[in-house]
Amino acid sequence: MAGEPATAGAPAVAIGPSAPVQDRSAGTGSAVTRTGRTAIVEQLLADGIRYIFGNPGTVEEGLLDSLSDPRAPQYILALHETVALAMADAYARATKRPAVVQLHSGVGLGNGVGMLYQANRGHSPLVVLAGDAGLRYEATDAQMAADLVGIARPVTKWAGRVTHPASLLRMLRRAIKIASTPPCGPVFLALPMDVLDAPAEEAVVPTPVLATGTAPDATVIDRAAALLAPAERPLIIVGDGVAVSGAQPEVARVAELLGAPVWGADASEVNMSASHPHFRGMLGHMFGEQSRAITAQADAVLICGTYVFPEVFPSLDGAFAPGARLVHIDLNAYEIAKNFPVDLGIVGDPKSSLGLLAAALDRDLTPAQMQAARMRSEELAREQAAEDEAARAADRLRWGEMPLHASRFMSELADLVPHDVVVFDEALTTSPDLTRYLPPTEPGTYFLTRGGSLGVGIPGALGLKLAHPDRTVFGFGGDGGAMYTIQALWTAAHHDIGAKLVICNNASYRILKVNIQHWFAEQGIAGGRFPACFDLHGPELRFDLLAQAMGVPAVRVETEAQIRPAIEQALATKGPFLIDVRIDGEVAPDTVHVKCGQ
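For what it's worth, this note's numbering labels the leading residue of the sequence shown as 4, then goes sequentially.
1. Fully enclosed by the segment 34 to 81, which beta strand (DSSP E) runs are 3 residues long or longer?
2. Less than 9 Å separating the beta-carbons of Thr309 and Ala263?
3. In chain order, what are the residue ranges of uninterrupted alpha helix (DSSP H) at least 4 long that sit wholly in the segment 473 to 553?
4. Give me whichever residues DSSP pairs with Leu119 in a beta bridge.
5. Quick check: Gly287 and Phe312, are their CB atoms within less than 9 Å of each other?
6. How many Å lie between Leu602 and Phe282 at the Cα?
7. Using the C-alpha atoms, what's the distance from Pro579 back to Ala569?
8. Taking the alpha-carbon positions, what's the Gly51 to Arg100 distance?
9. Count the other C-beta atoms from every protein chain shown that fall within 10 angstroms of the C-beta of Ser71, then say buried if there are 16 or more, exposed otherwise.
10. Measuring alpha carbon to alpha carbon, tell me which residue in Ala232, Arg176, Ala552, Ser271 is nearest Ser434.
11. Would Ala277 pass as a contact of Pro442 if the rule is Cβ separation under 9 Å?
12. Helix, strand or coil: which one does DSSP assign to Phe412?
13. Hey, could you find the ends of the alpha helix (DSSP H) Arg176 is sitting in?
14. Mapping DSSP to helix, strand and coil, what is Tyr449?
15. For Tyr54, count neighbouring Cβ atoms within 10 angstroms of its own Cβ and tell me buried if that reaches 16, exposed if not.
16. Alpha carbon to alpha carbon, what distance is there between Leu112 and Phe56?
17. Whole angstroms is fine: what's the gap from Leu416's alpha carbon to Ala227's?
18. If contact is defined by three or more beta carbon pairs under 8 Å, each pair taking one atom from either stretch, is the segment 375 to 387 in contact with the segment 549 to 567?
19. Provide the residue span of the alpha helix (DSSP H) that contains Gly466, from first to last.
20. DSSP state of Pro20, grouped into three classes?
21. Between the C-alpha atoms of Lys468 and Pro189, what's the straight-line distance to the nearest angstrom?
22. Under 7 Å Cβ to Cβ from Ala336, same chain only, skipping five residues before and after it: list those, please.
23. Rank Glu404, Arg256, Leu305 by C-alpha distance to the C-alpha of Ala362 and give the top, closest one.
24. Residue range of the alpha helix (DSSP H) that Val198 falls in?
25. Tell me whether the beta-carbon of Asp135 lies closer than 9 Å to the beta-carbon of Thr217.
26. Please classify Ile332: does DSSP put it in a helix, a strand, or coil?
27. Measure the alpha-carbon distance for Ala322 versus Arg295 and round it to whole angstroms.
28. Quick one: using the 10 Å Cβ neighbour count with 16 as the cut-off for buried, is Cys603 buried or exposed?
29. Since Ala485 contacts Ile506 with CB under 8 Å, what's their CB separation in whole angstroms?
30. Beta-carbon of Val257 versus every beta-carbon of chain D: anything under 9 Å?
31. So for Arg366, helix, strand or coil by DSSP?
32. Can you confirm whether the segment 94 to 109 touches the segment 134 to 152 when touching is taken to mean that 3 or more C-beta pairs between the two stretches lie within less than 8 Å?
33. Kindly indicate which three-state DSSP category Pro252 falls into: helix, strand or coil?
34. Evaluate His422 with the Cβ neighbour count: other Cβ atoms within 10 Å of its Cβ, from every protein chain shown; 16 or more gives buried, anything less gives exposed.
35. Can you tell which of Asp538, Val590, His497, Glu292 has its C-alpha closest to the C-alpha of Leu82?
36. Run through the DSSP bridge pairs and tell me what Met285 is partnered with.
And the structure:
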């Protein structure tokens with residue numbers, strides 16, 4: 004695979020006047036004044052940027068020409084903007100460093116808005132650059148002219164436009180700093196073509212990385228401990244702010260001290276090991292009452308690194324029991340008490356804050372409270388073990404079915420992959436089967452789709468593989484989502500990015516079938532029928548053939564006997580490989596299908 008491993012925390016590479024990137028404005032070898040497009044490349048090198056993910060366009064041709072310098076970041080060519088953004092999103096999440104994306108003008112930015120929304124909801128540090136024809140053409144309302152900043156602003160943390168060559172690098176460094184400062188998020192910078200062609204005299208200096216490990220003072224921590232310690236039914240809710248901070252050990256310690264179950268909300272990474280006896284899973288992604296059935300049982304709740312709640316249809320009548328004590332810790336002040344009042348809100352780094360809270364609880368808990376917490380912990384361990392065994396027993400009852408039950412494939416996969424496998428999960432309704440057999444336990448090894456944009460599974464796996472070239476990477480997607488970004492297979496072959504891809508092909512939008520059942524119940528509709536547009540057959544989608552057509556070796560799995568050979572072949576293949584596994588997609592076997600709109 005081309006390129007070098009991107010290592011989080013790698014030192015910046017300073018680019019000084021003695022070693023400039025060659026400016027080819029007046030031809031190879033000519034002595035010319037450095038232009039803006041060359042200065043951008045030098046700044047990206049100074050900030051340790053190794054890749055630019057993009058889809059080229061005419062008004063960015065000068066910048067792309069500057070990337071021909073052998074020292075410039077490697078350009079990862081995508082055939083659609085969504086692919087470039089989804090790859091960069093996963094790469095940024097894996098390396099915990101900003102990733103750069105190049106889009107083309109208003110049309111390219113428009114194509115990428117859905118994935119920008121995904122990155123914005125997931126706080127990915129992306130730096131998105133898009134060119135336009137130039138300042139001198141602004142008044143002409145020419146072809147492809149658009150308010151780029153206006154398009155980008157609703158789906159980014161910050162959006163700006165360079166309007167003078169003297170501020171080009173200043174604006175670029177501002178964008179990189181904003182993107183990479185928690186709460187992180189994608190930023191957008193519009194680059195007019197004539198600004199990039201103009202002389203640029205600004206010096207290149209590395210963008211500063213801000214220290215955000217702030218911790219509350221002792222009185223605030225003591226108050227938090229006093230609110231949580233007396234709880235008889237404590238609950239902890241965590242999100243990806245924990246993973247960003249590296250606070251997983253502190254979450255586990257606080258949970259053990261309180262004897263509290265831990266649930267994820269707006270969580271897409273390993274915020275607590277799934278094998279820890281206190282981890283209970285994820286709260287509802289869609290419907291607030293599913294979360295409320297859990298959260299309303301608690302008499303004290305600690306929320307950390309997330310907001311409550313991220314469902315599509317959240318509860319508007321309250322999610323917690325009357326009188327329950329709530330403590331909320333987050334670096335992002337906006338998320339604290341956003342939807343529900345809290346007794347104590349703490350703006351602070353999760354790792355520092357939870358570490359202090361654990362020390363305070365360890366000091367202040369009474370012997371009786373400690374004993375009660377130990378009993379709760381033992382009960383949680385028994386519950387987790389019993390639930391896991393029951394789920395696996397139910398799986399085994401379905402092995403041998405045709406089409407395959409997804410758990411059969413996942414159990415075989417878990418037996419064969421290396422222990423340090425890295426997973427990108429857009430399996431959606433198949434995700435419980437995946438995580439039951441490959442439970443996310445180590446930080447940095449599991450990345451779940453977030454934000455709601457379909458199609459991140461294939462390009463997400465490619466981004467993870469670029470970040471971890473020496474590790475086995477598996478990406479999972481559904482058949483519906485895979486068709487959003489199927490062009491990513493060509494990029495995998497073109498750059499020889501050796502991710503292994505699994506398409507959970509159930510010939511349907513199964514998640515819509517699951518969700519409409521909830522709507523049927525809500526509306527009092529008995530015997531509801533699935534719209535026919537939830538099905539994806541006639542013609543059948545053959546991802547093995549699509550992959551082969553774009554240069555990626557692939558096999559189709561339809562029987563149990565084909566599972567192990569397919570996985571072994573994928574693992575033995577140095578480059579990318581795709582497995583199209585046909586699985587059961589039914590939700591209610593006796594449901595009658597009707598045409599959309601009928």
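Just so you know, even glycine gets a beta-carbon here, dropped at the ideal spot from N, CA and C.
Considering the structure as presented:
1. Segments of the beta strand (DSSP E) lying fully in the segment 34 to 81: 54 to 57, 77 to 80.
2. Against a cut-off of 9 Å, the Cβ pair of Ala263 and Thr309 comes out as no contact.
3. Listed in chain order, they are 482 to 485, 491 to 497, 513 to 526, 546 to 552.
4. DSSP output for Leu119 lists no bridge partner at all.
5. Yes. Within cutoff.
6. In the structure displayed, the chain extends from 4 to 601; residue 602 sits before or after that span and is not available.
7. Cα to Cα, the separation comes out at about 13 Å.
8. When rounded, the distance between both Cα atoms is 9 Å.
9. Residue environment analysis places Ser71 among the exposed positions, since fewer than 16 neighbouring C-beta atoms fall within 10 angstroms of its C-beta.
10. Looking only at Ala232, Arg176, Ala552, Ser271, the smallest Cα-Cα distance to Ser434 is reached by Ser271.
11. Taking the C-beta atoms as reference points, Pro442 is found nearer than 9 Å to Ala277.
12. Three-state result, Phe412: helix.
13. Per DSSP, the continuous alpha helix (DSSP H) segment holding Arg176 begins and ends at 171 to 183.
14. Strand.
15. With 16 or more other Cβ atoms within 10 Å, it is buried.
16. Using only the alpha carbons, I get a separation of about 13 Å.
17. Cα to Cα, the separation comes out at about 44 Å.
18. No, the segment 549 to 567 does not touch the segment 375 to 387.
19. Its alpha helix (DSSP H) spans residues 460 to 470.
20. Model confidence at Pro20 stands at a pLDDT of 36, short of 50, so the residue's coordinates are unreliable and nothing is read from them.
21. Within the model, the alpha-carbon separation for Lys468 versus Pro189 is close to 21 Å.
22. Around Ala336: Val350.
23. It is Arg256 whose Cα lies nearest to the Cα of Ala362.
24. Val198 -> alpha helix (DSSP H) spans 196 to 200.
25. No; because the gap between Cβ atoms is not below 9 Å, this pair is not in contact.
26. In this structure, Ile332 counts as strand in the three-state DSSP scheme.
27. When rounded, the distance between both Cα atoms is 5 Å.
28. Nothing can be reported for residue 603: it is not among the residues displayed for the chain, which extend from 4 to 601.
29. Sure, about 5 Å apart at Cβ, within 8 Å.
30. Among the chains of the structure shown, chain D does not appear; only one protein chain is present.
31. Helix at Arg366.
32. At 8 Å Cβ cutoff, the stretches touch.
33. Looking at Pro252 - three-state DSSP - the assignment turns out to be helix.
34. Under this definition His422 is an exposed residue.
35. Relative to Leu82, the option among Asp538, Val590, His497, Glu292 whose CA is nearest is His497.
36. Per DSSP, Gly267.
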